[in-house]
Amino acid sequence: MAFHRRRNHYYKRFRSVLPLISAVSGALLILFCLLTFLAPAPIDTNNPHHKNLLYTANDVVEDTIGKPGEPVLHIPIKGRKDRDVWSSRNSKYFYGCSNASNKFPNANAITHPNRYLLIATSGGLNQQRTGITDAVVAARILNATLVVPKLDQKSFWKDSSDFSEIFDVDWYISSLANDVKIIKSLPRRRGKTWIPHNMRVPRKCSERCYQNRVLPVLLKRHAIQLTKFDYRLANKLDTQLQKLRCRVNYHALKFTDPILRMGEKLVHRMRMKSKHFIALHLRFEPDMLAFSGCYYGGGDKERKELGAIRKRWKTLHASNPDKERRHGKCPLTPKEVGLMLRALGYGSDVHIYVASGEVYDGEDTLAPLKALFPNFYTKETLASKEELEPFSSFSSRMAALDFIVCDESDVFVTNNNGNMAKILAGRRRYFGHKPTIRPNAKKLYRLFLNQTTMSWEAFASKMRTFQRGFMGEPKEVRPGRGEFHENPHTCICEDSEAKAKKNSGPRKYGKGYDALGDDIPSDYQNVDDEPELPDPDDDGDQDGSQEKGQFNETGMDYDELSNEEPELEEILSD
């Protein structure tokens, strides 16, 4: 009986508490529903556009791409609004000027009969372009008829294309008719095929060097072919010869119609997506990384894979990755390139065209860049396989398509100062100083090393400071520094009168405004040029001549290896 009374008592107490339990459970359920409804959608970590990025309020993205436990960077989604990141304010006061003077004799008046110059180019498309340009000037120095250059079909790139399949050969000949006589092939001699005499000139051979070393052989043989003709002409020449260089490079060398049409199609498709776009020459392919000798944190797997590729170049010494990085010799990672651009004021909505071969470690490597710039395109994503089929088997034709898009872009970013970067930097200076960004790798090394120890604002401020002199602004590079193809200062004129009027007017932003847009003070001029490498072929006396006009062709330049090895300069070039 006592047991039943106790059970009845507990039962009554439970019934009295039951409504309270139900009310609390219902409140918790409602609160859970509200939180579920208001919470942002979860990030798909398998989506490379979202990988390791957390979007928060106030248009800020938290970059958590780094190692676990590292502080995050709070990166604004939107770009800078206090300046125009798409142009230089002073570019309109500079223009390309390469017309010949009235005192520059016509080719018909100076070309000697029975003097024929042939060249064999070397390397990828843009390395060959330097040789094609300089060959015209060499022919002018020698008062010789130039035979249309022979392209390199045996190098690392293994492209069977000839000159007329890449460039408009008829335009090339006709547009330079007043400067140099050019023919398509060497005439027959006594009814037989004329075999020219092969020889090689030293790198950076001056006008006097050609007259002393090459001319005596040409007078004796009448037809000579200069082999491995790349960077075989001095940077410093007579003004009129420099202007001829510019007429060749910027006006006479025009791609064939099929290449131009496809390239313009790619540019149009980028323009349909956005008013402005950036073109990025990424250069993060396995061969580039292996050649550089740099290390990117991939452990034994990376060391083994890149080490195996590096063994292809027998002349390369063991590298010190940390030293290479400190000295600015290592390409930035795709993530670092993305952070650099965001720090310079380009928002996440900017469209990027990437000119690149197969990126090392593929999508895993590209994921951070795609997360920072989701509007990410290549020629393969803009065009169908059928459209690219006429070009895809030829590395030079594919490189030409990338060249066109990069040239037409509003901002061009290079991650390696190879031949394509140099040629495009010079061309963009000549045609209006369109922004051309090259990472100041020496300074950025420590900035990226310490990026997680500072706020985003401090990081971006230091980035803008370090990049002064590396943005493609007028007068950014001192005249005579670097390769002439990169800095064609002789062919760039300034409208001083218009600039003086502008400077006398009111300042739109007030005194002290700085947006990387004014003339670069000398303290910030780009002086990060690599020192000239010695040339073993050059005996130190370019103006002298060896017996019978000959010289040793067995010596090797820093990039001249055995026929079995890919050229070092080719890997650095396109």
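Numbered according to full-length UniProt numbering, the sequence shown spans residues 1 to 574. Glycine included, C-beta positions come from ideal geometry on N, C-alpha and C. Predicted model, so just to flag it, every value in this text is computed and none were measured.
A Cβ-Cβ separation of about 6 Å places Arg-140 in contact with Asp-179 under the 8 Å criterion. With contacts defined by Cβ atoms closer than 9 Å, Ser-161 and Phe-394 form a contacting pair.
The three-state reading of DSSP puts His-268 in helix, counting H, G and I together.
The three-state reading of DSSP puts Tyr-360 in coil, since its state is none of H, G, I, E or B. Exposure of Pro-390 is indicated by the presence of fewer than 16 other C-beta atoms within 10 angstroms of its C-beta. For the options Leu-226, Tyr-172, Arg-200, the alpha carbon positioned closest to that of Phe-255 is the one of Tyr-172. Straight-line measurement puts the Cα of Ala-107 at about 52 Å from the Cα of Gly-79. Beta-bridge annotation (DSSP): Gln-127 is not paired with any residue. DSSP assignment within the region 276-317 yields the following whole alpha helix (DSSP H) runs of 4 residues or more, N-terminal first: 286-292, 299-310.
Going by beta carbons, Ala-138 and Leu-233 fall inside the 9 Å limit. CA-CA distance, Asp-230 to His-74, rounds to 46 Å. The Cβ neighbour count for Ala-400, taken over all protein chains shown within 10 Å, is at least 16; the residue is labelled buried.
With contacts defined as CB atoms closer than 9 Å, Val-350 and Leu-341 qualify as a contacting pair. With fewer than 16 other Cβ atoms inside 10 Å of its own Cβ, Met-272 counts as exposed.
Under the three-state reduction of DSSP, Gly-96 is assigned to strand. Counting C-beta atoms within 10 angstroms of its own C-beta, His-281 has 16 or more neighbours from the protein chains shown and is therefore classed as buried. Distance from the CA of Gly-297 to the CA of Asp-257, rounded to the nearest whole angstrom, comes to 44 Å. CA-CA distance, Ile-224 to Arg-188, rounds to 14 Å. Here the alpha carbons of Arg-269 and Ile-278 stand approximately 13 Å from one another. Going by C-alpha positions, Cys-330 is about 10 Å away from Phe-284. A distance below 9 Å separates the beta carbons of Lys-236 and Ser-206. Straight-line spacing of the CA atoms in Thr-315 and Asn-419 works out to 21 Å. When beta bridges are read from the DSSP output, His-197 appears opposite Ile-224. The beta carbon of Tyr-430 sits closer than 7 Å to those of Gly-96, Cys-246, Tyr-250, Pro-488, Cys-491, Ile-492, all from its chain and outside the five residues before and after it, given in chain order.
Gly-345 is not a Cβ neighbour of Ala-458, given a cutoff of 9 Å. DSSP places Ala-252 within a helical segment (H, G or I) once states are collapsed to three.
In the three-state DSSP reduction, Ala-355 falls in the strand class (E or B). The distance from the Cβ of Ile-119 to that of Ala-135 is about 4 Å, consistent with a contact at the 8 Å cut-off. At a Cβ-Cβ threshold of 9 Å, Thr-133 and Thr-111 do not count as neighbours. A distance below 6 Å between beta-carbons, with the five flanking residues on each side excluded, links Asp-168 to the following residues of its chain, in chain order: Lys-254, Thr-256. For Cys-406, the enclosing alpha helix (DSSP H) begins and ends at 395-408. Membership of Val-413 in the beta strand (DSSP E) is indicated by the continuous run 411-414. Distance from the CA atom of Phe-412 to the CA atom of Lys-192, rounded to whole angstroms, is 50 Å. Thr-453 sits in a helix when the DSSP states are folded into three classes. When secondary structure is reduced to three states using DSSP, Ile-77 falls in the coil class, being assigned neither helix nor strand. For Ala-355 and Leu-142, the gap between their C-alpha atoms comes out near 38 Å.
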